[in-house]
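Trainee: Before we start, here is the structure in question, set down as structure tokens.
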Amino acid sequence: MSTVTSTPEAIAVRGLVKSFGDVAVLRGVDLDIRAGSIFALLGSNGAGKTTLVRILSTLLKADAGSARVAGADVAADPGRVREAISLTGQFTAVDDVLTGRENLVLVARLRHQPDPGRIADRLLARFSLTDAGSRRAGTYSGGMRRRLDIAMSLIGDPAVVFLDEPTTGLDPQARLEVWDAVRELAASGTTVLLTTQYLDEAEQLADRIAILHEGRIFASGTLADLKRLLPATTVEYVEKQPTLEEIFLAVVGGSADAGPSSEEPS
Ligand SMILES: Nc1ncnc2c1ncn2[C@@H]1O[C@H](COP(=O)(O)OP(=O)(O)OP(=O)(O)O)[C@@H](O)[C@H]1O
Ligand SMILES: [Mg+2]
2 MSTVTSTPEA IAVRGLVKSF GDVAVLRGVD LDIRAGSIFA LLGSNGAGKT TLVRILSTLL
62 KADAGSARVA GADVAADPGR VREAISLTGQ FTAVDDVLTG RENLVLVARL RHQPDPGRIA
122 DRLLARFSLT DAGSRRAGTY SGGMRRRLDI AMSLIGDPAV VFLDEPTTGL DPQARLEVWD
182 AVRELAASGT TVLLTTQYLD EAEQLADRIA ILHEGRIFAS GTLADLKRLL PATTVEYVEK
242 QPTLEEIFLA VVGGSADAGP SSEEPS
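For the sequence shown, the residue numbers in my numbering are 2 to 267.
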């Protein structure tokens, strides 16, 4: 595991700071995300996940620090960053009155793509929406809408896709459908940064996971790396590995029995 820095970083964040008035939301965030990987940013409500995503997608300016996305600096070269990314927020950008196909064609036109109809048909097929393509999006299930939303965000082949809480509010079946769509993205080489409050989502989808807490990245790595933060409990011959939930609660301080042994000053 020590073949360092030969892989290009799709996202590199150094010492990012952002406050809103007196509220210091990001207090020095460092992050490296490898191209073509799925990276999950975990954090409680108000931890600053959306704030970080908004800075990385050039919608918001940081107070200090720097960030490069797809090789371009978000502050110095926001235009180049925008050309390389897409952002899917918590509320879908899908137009209910249009069919799934019409939604895709519209976005392809807005992004000045040649042959919007062909792009729409390809994406419908890729996200298993071909049969539903001629139906109004207003009749879609939550999972179908999300898949359509993700498909729309792919038009123009962005190198980096930000998904802010892609499955919040979806039922378990719809979540699985969205997970498949996200895996599909990464398989085609797209870098995915997703935020989530669902620990199992991070566990299932992400190559690497970071926990944002009190304005900083508290822990970051593969699930196996994070599991090493908490010692496995050995009872007789059965080893109990900590779940990601226990690690998360230990870091964020939400659980009495899963806390790290004695290093917290509180
Ligand atoms: N434009 C703003 N003006 C003032 N405060 C803001 C603004 N945007 C965010 N905040 C504050 O910054 C903090 C972080 O918000 P943010 O939306 O980034 O959190 P989050 O991790 O995305 O939370 P959630 O899980 O609820 O989506 C919160 O305390 C929020 O109230
Ligand atoms: Mg948020």
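Glycine residues also receive a C-beta, built at the ideal position from the N, C-alpha and C atoms. Because the structure is a prediction, the values reported are computed rather than measured.
So is the beta-carbon of THR93 under 7 Å away from any non-hydrogen atom of ligand 2?
Mentor: Here residue 93 is taken as the residue at index 92 of the sequence shown, counted from 1. No; taking the cut-off as 7 Å, the Cβ of THR93 has no heavy atom of ligand 2 nearer than that.
Trainee: I'd like to know whether the C-beta atoms of ASP165 and THR51 end up nearer to each other than 8 Å.
Mentor: For this step, residue 165 is matched to residue 164 along the sequence shown. For this step, residue 51 is matched to residue 50 along the sequence shown. Going by C-beta atoms, ASP165 is nearer than 8 Å to THR51.
Trainee: If you follow the beta strand (DSSP E) that LYS19 is part of, which residue opens it and which one closes it?
Mentor: Numbered from its first residue, the sequence shown carries residue 19 at position 18. 10-21 is the span of the beta strand (DSSP E), which, as asked, contains LYS19.
Trainee: So, with DSSP's three-state summary, where would you put ARG136?
Mentor: Working through the sequence shown from its first residue, we reach residue 136 at position 135. Three-state result, ARG136: coil.
Trainee: Measuring only the C-alpha atoms, how far is ILE120 from GLY72?
Mentor: Here residue 120 is taken as the residue at index 119 of the sequence shown, counted from 1. Here residue 72 is taken as the residue at index 71 of the sequence shown, counted from 1. Going from the Cα of ILE120 to the Cα of GLY72 covers about 27 Å.
Trainee: Excluding the five sequence neighbours on either side, which residues of its own chain have a C-beta within less than 7 Å of the C-beta of GLY134, listed in chain order?
Mentor: For the purposes of this step, residue 134 is taken as the residue at position 133 of the sequence shown. These residues qualify, in order along the chain: THR100, GLY101, ARG102 and LEU125.
Trainee: Among residues of its own chain, excluding the 5 on either side of VAL18, which ones have a beta-carbon nearer than 7 Å to its beta-carbon?
Mentor: Here residue 18 is taken as the residue at index 17 of the sequence shown, counted from 1. Closer than 7 Å at the Cβ level, and outside the excluded window around VAL18, lie LEU27, ARG28, GLY29, ALA63, ASP64, ALA65 and GLY66.
Trainee: So with Cβ pairs under 8 Å, would you call GLN205 a contact of chain B?
Mentor: In the structure shown, chain B does not exist; there is a single protein chain.
Trainee: Please classify GLU84 as buried or exposed, where buried requires at least 16 neighbouring CB atoms within 10 angstroms.
Mentor: Counting from 1 along the sequence shown, the entry for residue 84 is found at position 83. It is exposed - the Cβ of GLU84 has fewer than 16 other Cβ atoms within 10 Å.
Trainee: Does the beta-carbon of PHE40 have 16 or more other beta-carbons within 10 angstroms, so that it is buried, or is it exposed?
Mentor: The residue given as residue 40 occupies position 39 in the sequence shown. Buried: at least 16 other Cβ atoms inside 10 Å.
Trainee: Grouping DSSP H, G and I as helix and E and B as strand, with all else coil, what is ARG176?
Mentor: Here residue 176 corresponds to residue number 175 of the sequence shown, with the count starting at 1. ARG176 falls in the helix class under three-state DSSP.
Trainee: Any idea what DSSP makes of THR51, helix, strand or coil?
Mentor: Counting from one through the sequence shown, the residue named residue 51 turns up at place 50. Of the three classes helix, strand and coil, the one that applies to THR51 here is helix, per DSSP.
Trainee: Can you tell me which of LEU213, ASN46, SER38 and ASP158 puts its alpha carbon nearest to the alpha carbon of PRO115?
Mentor: In the sequence shown, residue 115 corresponds to position 114, counting from 1. Of the candidates LEU213, ASN46, SER38 and ASP158, the one whose C-alpha sits nearest the C-alpha of PRO115 is ASP158.
Trainee: So, are the CB atoms of ALA175 and SER142 less than 8 Å apart?
Mentor: The count along the sequence shown starts at 1 and reaches residue 175 at position 174. The count along the sequence shown starts at 1 and reaches residue 142 at position 141. Taking 8 Å as the Cβ cut-off, ALA175 and SER142 qualify as a contacting pair.
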